[in-house]
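Numbering (the working numbering), first residue to last: 191 to 285. Written below as structure tokens is the structure these notes are about.
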């Protein structure tokens, strides 16, 4: 467990970019699995593309953690930049 926390304590742009990309992907797969269960029970979803936007919300946890708690500006800025890029690309491609 110590190694995991040591891994999360890095302050670099590259680590923030990797974290900012991986978190929405993992959350998207998780949310997609939940939606599949809901659809299985005969509910409908208006737009599955909104799930991609919802998946970026997981980065808010990392942004707060690295900016406020750890004071790691490089990692926090990289996660914030990736989140901004993902949200802008969502509105360009899906709206």
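Backbone N, C-alpha and C define an ideal beta-carbon position, used for all residues, glycine too.
{"Asked": "Quick check: what's the CA-CA separation for residue 209 versus residue 226?", "Found": "26 Å"}
{"Asked": "Buried or exposed: where does residue 252 fall if 16 or more other Cβ atoms within 10 Å of its Cβ makes it buried?", "Found": "buried"}
{"Asked": "Taking the C-alpha atoms as reference points, what is the distance between residue 200 and residue 256?", "Found": "10 Å"}
{"Asked": "Taking the alpha helix (DSSP H) that residue 284 belongs to, which residues open and close that run?", "Found": "263-284"}
{"Asked": "Since residue 197 is in the alpha helix (DSSP H), which residue starts that stretch and which ends it?", "Found": "192-198"}
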